[in-house]
Amino acid sequence: MQQKTEPTDLQIALKECRSYFGIAGFFSFFINIIMLVPSIYMLQVYDRVVTSRSESTLLFLTLIVILLLFTMGLLEWVRSQILVKAGAKLDVLLNTRLFNATFKNSLNSGGAQSSAQPINDLTTLRQFLTGNGLFAFFDAPWLPLYMAVLFMFHPYFGWTGAGAAVVLIILAIVNEKISSKLLAEANKSSINATNYLNKNLRNTEIIESMGMLDNIRARWRKIHDNTIILQADASKKAGLMTSISKSFRMTVQSLILGLGAYLAIQQEITPGLMIAGSILLGRALAPIDLMIGSWKGFVSSRGAYQRLNAMLTIVAKDKEKMSLPEPIGDLSVENIVVTPPGAKLPILKGLNFTINAGESVVVIGPSAAGKSTLARALLGIWPAVSGTVRLDGADIYTWNRNELGSHIGYLPQDIEMFDGTISENIARFGEVDPNAVVEAAKAAGVHDMILHLPEGYDTIIGGYGGVLSGGQRQRVGLARAMYGKPAFIVLDEPNSNLDEHGEQALALAIKNLKDRGCTLVVISHKVNIISQVDKVLVMANGMLTLYGPRDDVLAKLQQTQQAQQPLASATPKSSTVPEIKPVLPV
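The opening residue of the sequence shown carries number 262 in our numbering; numbering runs sequentially from there.
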């Protein structure tokens, strides 16, 4: 027996909106009933008013028709507003979930899928639900009603309408077959071109400084031109089918007039039925014609629905997690193996160590040793393939991230600021506590620098730091990491962009963190950092090779490498620790 799959959040949201669609369908019934009025009015004018020459009858019928048509207009407006509310509710139900899923999708892919396309897909879906194209799907089911009335007028009228409807439906199916695949490929290519452009816009300074613009533009043009070709080909075929269907519908409407005239000559119908039949046939076929004309929008919204459904299926909704006590900073790493998102081979291979609350540890090792990967694993950014990272005894992934976040500080190698004021960036875009912001800035040694900016803490900076230099961004990022006095802080190369004054401020910040009992992990090659910590962790090839009290580890390193490469930190002239070869862990 096939296992029943759980509905996605998108399907659940659409289900919650079905009452709106039901009401819209209810209004569509009355709209389509009133749509019969012009035909009936024409029938009465030709067969009753003209023959009786009764002006009062004409006036009375005209007033009724005007009232009914105004009512129909009001009903159509109400129906459109109902669908607008359905689209708004769909957005409200999904935007938070979709925002989180988009963020997590980017996180899980290591930034490879960092795109706002899911939000754009939701917009595409919402716009289709509120557009004219959807009205055709509401009106098309009433086609049998019009066919029944045409058969009441005359069987020939009915069969003509039924045959024309069948032909238009076949044209709609053919349109789907020949254009939907091309439109889907065109949309995919358009998304790729947009994502490629957005990613390169983040590196405009590099592109401009090294004259890469022509090469980058040429690669973008290749993707963009492919999109244009696919869209043009799809639009050409869809346009042909639209023209054929429209021409066919108008031809049938004209031919049914000829058929009506023949039947009137044969005295099988009245002249009024001849005109009314033509009008009614046009109304009956209009929804199918509109469906063919709006098929491009339907295909786009269907593609958006499929992409959203797929992503919401892959990226599971976060489960509610029980709140845990505030962490004190005890950290234990139990045989973790970590593979970066998108990679096949693990970077970290079976690391085991513990850091007691309040201890400070520096992580050193050669390039590509896995130091930054370890930082991400300790923070729960990258999940472990096996093994566990525990904070205060609890798996780092069992913590409620929103609650844990205020107790953790992180300064990555690539410092990212966010659009807003400096105070908002330091306060992590929560409620800005001026005292806490200033305290964190002073602890990071950046308070005086901020005061000298044009508007101090209210200075607006962009995603790239705006008015801030690389060193200033790093120091503001340090203040952000220290904001709220977190229990556990990870600093990844915190002094890579600092001058001498910045180095002194960083040293003071580390001392302050140690004094208040913060658990601190620092990734660095600088000797002055090593001299300030309690323990040293040495890595090579993704494995822990040495770990223990600072002086003991440095002594072992010196003994191990004395014959080949003296420890650089033992020489006052050197400012960095050289590449360290693997040795047995202690």
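Just so it is clear, CB atoms sit at the ideal spot from N, CA and C, and this is done for glycine as well.
Excluding the five sequence neighbours on either side, which residues of its own chain have a C-beta within less than 8 Å of the C-beta of M262, listed in chain order? Note that M262 has pLDDT 42, beneath the 50 cutoff, so the model's placement of it is unreliable and the number below is only indicative. Here the set comprises nothing.
Close Cβ partners of P747 (< 8 Å) along its chain, the five nearest in sequence each way excluded: S667, H668, I669, G670, C779
Whether D719 touches T682 by CB criterion (8 Å): yes
Can you check whether the CB of C278 is closer than 8 Å to the CB of A347? yes
Kindly identify the DSSP beta-bridge partner or partners of G809. V797
Pair within 8 Å by beta-carbon distance, A766 and R734: no
How would you label E716, buried or exposed, when you count the other beta carbons within 10 angstroms and need 16 or more for buried? exposed
With 16 other CB atoms within 10 Å as the buried threshold, where does T503 fall? buried
Okay, do the stretch 570-587 and the stretch 648-660 touch, 3+ Cβ pairs below 8 Å being the bar? yes
Unbroken stretches of the alpha helix (DSSP H), 4 residues or longer, contained in the stretch 460-517: 465-470
For the beta strand (DSSP E) that R651 lies in, which residues bound it at each end? 647-652
Rounded to whole angstroms, what is the Cα-Cα separation between L297 and E692? 60 Å
Give me the DSSP bridge partner(s) of N436. DSSP output for N436 lists no bridge partner at all.
Taking the C-alpha atoms as reference points, what is the distance between R358 and K365? 10 Å
What residue range is occupied by the uninterrupted beta strand (DSSP E) comprising E595? 592-599
With V783 as the anchor, note down where its alpha helix (DSSP H) starts and where it stops. From DSSP, V783 is part of no alpha helix (DSSP H) but of the beta strand (DSSP E) over 780-784.
How would you label Q826, buried or exposed, when you count the other beta carbons within 10 angstroms and need 16 or more for buried? Caution is warranted here: a pLDDT of 49 is assigned to Q826, below 50, making its placement in the model unreliable, and the coordinate value is therefore given only provisionally. Flag for Q826 reads exposed.
First and last residue of the uninterrupted beta strand (DSSP E) at D753: 749-753
How long is the line joining the alpha carbons of L781 and Q378, rounded to whole angstroms? 38 Å
Using alpha carbons as the reference points, say which of S496, L368, G424, D579 lies closest to R662. D579
Assuming I608 contacts T600 (C-beta within less than 8 Å), just tell me the rounded distance between them. 7 Å
For K276 and V345, I'd like the C-alpha separation in whole angstroms. 16 Å
Check whether the Cβ atoms of L324 and A537 sit closer than 8 Å, and answer yes or no. no
On the DSSP bridge assignment, give the partners of N613 in chain order. E595
Could you tell me which residues DSSP puts in a beta bridge with L672? L752
Does the Cβ-Cβ distance between R387 and D352 come in under 8 Å? yes
Using DSSP's beta-bridge definition, name the partner residues of I721. T682
Pairwise C-alpha distance: Y407 and S280: 26 Å
With 16 other Cβ atoms within 10 Å as the buried cut-off, status of S450: buried
State whether the stretch 408-428 contacts the stretch 569-578, with contact taken as three or more CB pairs (one from each stretch) at a distance under 8 Å. no
Other residues of its chain near N696: CB distance less than 7 Å, five sequence neighbours each side excluded: none
Keeping to the same chain, check which residues put their C-beta closer than 8 Å to that of V847; ignore five residues upstream and five downstream. Confidence at V847 is low in this model, with a pLDDT of 32, below 50, so its placement is unreliable and the value that follows should be read with caution. If we look at V847 and ignore the five residues flanking it on each side, its Cβ neighbours are L807, Y808, G809, D813, V814, K817.
Looking at the unbroken beta strand (DSSP E) that takes in S621, where does it start and where does it end? 621-625
Which residues in the same chain as N773 place their Cβ atom closer than 6 Å to its Cβ, once the five residues preceding and following it in sequence are excluded? A704
G422 (DSSP reduced to helix, strand or coil): helix
K557: first and last residue of the uninterrupted alpha helix (DSSP H) it sits in: 556-575
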